[in-house]
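Note sheet for the following structure.
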Amino acid sequence: MTQKRIIKLAFCLLTSIAGIGAYLYACGWFPPDWYVTNSAFSPEVTVPKGVYNSLFYSVEHSFNGYVGIDSDRYTEDDLADWCAYVGKAMPREQIRHLMYDREAIDEVLQLKHSKKFTDKRVQNFLTFLEITRGNEVVTGGSYYDPWDYENRNYQRLQNTEPQRVEALYRSLTSDAFFANRIWFQAVRLKFYSENRSSVIPFFEETAASQPKNSLYYRAMHYVAGAYIAEKHYPQANVLLAEIFDTTPELRTTVGYDYRPLPDREIAQIAQKLSPRVQCALWAMQGFYTNNEANYLLKILTIDRQSPHVDFLLTRFINKMEYKLNIFDRYGDDLKSIKAYHQHARKVSTQVFPTDWLLLLAREGNRFSNPFLWKVAGGYVAMFRGEFSLARQLLQEAEKYVEGNEQKSQLYLLQAMNEVSSLQHIDAATEKQLTLPMQRVWNNLYFYRNDDFCYDGSLVYDKYKTEFLNYRKFTNDLRYDYAFTFMRKYLRVLYQAQGNALMAELTHPKRGFFISEANYKAFDKLTHNPHKTDWQALWLNYYPYTKGDIYECRGIYLFRQDRIDEALALFEKIPWETRGAEYDWGKDKLVNEKRCLSEQTLAVSPFKGGVYDMYYYDYITPPRVEYTKISFLRKAKQLKDRIAQGKDVYHSAIQLGNAFCNTSFYGVSRQFYHNEIIGEWSALGLQNKENYAPLLDMTVAKKYFRIALTMASTDEQRAEAAFLLGKAERNEYFAQLEYYDIPEKKRKWVDQWEGFHILAKYPNTQYYKEAIKECGWFANVVYLYND
């Protein structure tokens, strides 16, 4: 089948369902740019750099990335041209100063009328500056500030100034360089004159004698602007299309100036243009529509080698994936493999018809950018569930790879395809996936803040050369979604097969180490000398260190009153490099080793009373300062003393306080701060998995009841009873705020054992302080106590 017939067939495939596609596009909604993290297809990599960047798809904005007013776009080029023209007759820095420094305007006029420079070319340069800098109040000039609304000046030039410059241009016959510069100034000044439209006939008369350099197309842009001012959009669009085709650095502003017209008008205009300009015209028309595919195919019927199809194809792909890729790190959880594939196929066949794309991707080597067509086709085939075709197209793309970025883009999509094709996972599959995933990790995933392996060694050290090479191009590659998706997909497979350990390794979730069985399975794997390459890969890139894991499990054990076991784990926590931090004293980033168990607690966990110690201990340093591990050692001593029957009352009170204070409602929440647990906020717990371990008051109440039993005075009984009541109050808060227990089933204050016991000791100092300070206790006394 010939290329033309293939393109026509693709056109038919698209237009047969164009009505559906257009309707669905119009109904689509995409989140704002700051939220979008669901792209794995990088136009910045698949399309030649810098040529179309601002025209790539942006969710929230008309143009991709930051697009400002670049008044310095041609500064260096113009400076270089004038330096070459003037030669050694004037120093480069003086030329720069006279051209661009605001305070140099008067100096230009002085030099022009002095006899300091007699060289003819210098005199021409000064004449040029007299024109350009003398009119900056109108044209903007080198110091124009687009955001200075207070001092904006909307003057127009009197017609005499453009006429003077035009006369100068017409008098020049021998110096082509100087004549070209004065011609451009004549065009420019006519545009800013009272008779803006006069630029049109002047350009039409004189353009043919000018070299087609950057000045030529910049001048043409002024003419297009004059047509736009007169609302002659067809004429303007023709000129803009020619500029778009020839001058990449002007594509952003040209794209902004373009006025989309009905397709029938564009078709009439295009008939009179060269194929290249026709393609540019349809490309800009396609930029302003929701049907890039239609205009892409129009362009290919004109010129199958046109590079302008590239950015339209990437816009189509990026729009599709923003609708399809909903499983990013901030998005939905992937819960069902079957449901995912149904969703992916629906979007990639019905919402975004793609039969035409796969047809052309097979012939992608005949277009100007075969790599783009092959990877785009492979990516789309993957979503459609055609994994063999995707594998074939991505493999064909290998021969067209240029540079490390495209290689990494290809690796990323190949890995996504292999993972997406899985319905179950076994040892053979793991072995097959190991190389693709290792390749992706090594080439791409060094952006992480946690650049250390499970064993504490830096990934940076292990792959230093690859890391340094990668850092040169990492900003353009969109990789975050691909990693998140693949890990979520693998986790679902492992969960369905009952493999909790590999589910955790591939995509960690909060609460895994609450289970003792999970911890033991993880620990067993780390000490297994016969790990598979697949297990070693994921263990090596597990985002938490040994210290994180020992600390996490130790915290959970402590909250279960398994103090000896918790202490044993804390004693195993090693000193580790915890990533680079900024040392303000040394004024540089430093990698320092820290031990999590040696973190100092700001408040003593063993203190408690009528007044919450939180308000006082943060102002006054505690008399005894505890680290996490010294706190556990003290807790072990207290528990041992209770077991030995020594000073049971005071030991039980302190342990009860320790369990209250290391809960969410306590003053030593710092104790459970841990990377895996992930609870850092004083405003509330974020993860349901942590509700039970961090809200539970069972152990605290146990020790307060022991203290109550062993109390020898009414004052001691009052203290133990009040602290028991506070623990019961915390339980009520947990029922209210976290467990959504119906009001009738909550234990209200009338059922709190501790405050009812305290009410029996009205003559104690503790009672008197409590009834003044605690409204909950006052309710018990005045409303419920007999």
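In case it helps, the UniProt record's numbering puts the sequence shown at residues 1 to 786.
Every residue, glycine too, gets a C-beta built ideally from N, C-alpha and C.
For clarity, every value in this text was computed on a predicted model and none was experimentally measured.
Comparing alpha carbon positions, the residue from 366, 162, 519, 493 closest to residue 336 is 493. Going by C-alpha positions, residue 342 is about 9 Å away from residue 385. Considering only 742, 704, 733, the residue with the shortest C-alpha distance to residue 758 is 704.
With respect to the 9 Å criterion, residue 674 and residue 576 are not classified as neighbours on the basis of their beta carbons. Residue 669 counts as buried, since no fewer than 16 other beta carbons sit within 10 angstroms of its beta carbon. Contact between residue 605 and residue 570 does not hold, since the beta-carbon distance rounds to 14 Å and is not under 8 Å.
In this structure, DSSP gives residue 577 an extended state, which the three-state scheme calls strand.
Under the three-state reduction of DSSP, residue 261 is assigned to coil, being neither helix nor strand. In the three-state scheme derived from DSSP, where H, G and I count as helix and E and B as strand, residue 662 is classed as coil. Around the CB of residue 533, fewer than 16 other CB atoms lie within 10 Å, so the residue is classed as exposed. In the three-state reduction of the DSSP assignment, residue 49 falls in the coil class. Across the structure, residue 591 and residue 546 are spaced so that their CA atoms are roughly 18 Å apart.
Under DSSP, residue 601 takes part in a beta bridge, and its partners are 626.
A residue is called buried once 16 or more other Cβ atoms fall within 10 Å of its Cβ, and residue 114, having fewer, is exposed. Around the CB of residue 328, 16 or more other CB atoms lie within 10 Å, so the residue is classed as buried. Contact between residue 717 and residue 761 is confirmed by a C-beta separation of about 6 Å, below the 8 Å threshold. CA-CA distance, residue 239 to residue 258, rounds to 10 Å.
Counting along the chain, the unbroken alpha helix (DSSP H) around residue 341 starts and ends at 337 to 346. Within the same chain, and ignoring the five residues on either side of residue 347 in sequence, the residues whose Cβ sits closer than 6 Å to its Cβ are 323, 324. Taking the Cα of residue 169 as reference, the smallest distance to any Cα among 199, 364, 186, 125 is reached at 186. By the CB criterion at 9 Å, residue 635 and residue 563 fall inside the cutoff. About 3 Å separates the Cβ atoms of residue 725 and residue 754, confirming a contact at the 8 Å cut-off. A straight line joining the alpha-carbon of residue 276 with that of residue 303 spans about 8 Å. Distance from the CA atom of residue 708 to the CA atom of residue 698, rounded to whole angstroms, is 15 Å. The DSSP-derived three-state label of residue 431 is helix. Between the segment 70 to 89 and the segment 44 to 59 there are fewer than three C-beta pairs closer than 8 Å, too few to call the two in contact. With fewer than 16 other Cβ atoms inside 10 Å of its own Cβ, residue 623 counts as exposed. Assignment of alpha helix (DSSP H) within the segment 633 to 704, counting only whole runs of 4 or more residues, yields 648 to 661, 691 to 695 in chain order.
Between residue 412 and residue 357, the CB-CB gap reaches or exceeds 9 Å.
Contact check for residue 626 against residue 38 fails: the beta carbons are separated by 9 Å or more.
Residue 683 counts as exposed, since fewer than 16 other beta carbons sit within 10 angstroms of its beta carbon. Distance from the CA of residue 756 to the CA of residue 734, rounded to the nearest whole angstrom, comes to 21 Å.
Taking 9 Å as the cut-off, the Cβ atoms of residue 432 and residue 537 do not count as close. Annotation for residue 86: the continuous alpha helix (DSSP H) segment containing it runs 75 to 86. The alpha helix (DSSP H) runs lying completely inside the segment 516 to 547 and spanning 4 residues or more are 516 to 526, 533 to 540, given in chain order. One thing to note: residue 671 has its Cβ no nearer than 9 Å to the Cβ of residue 723.
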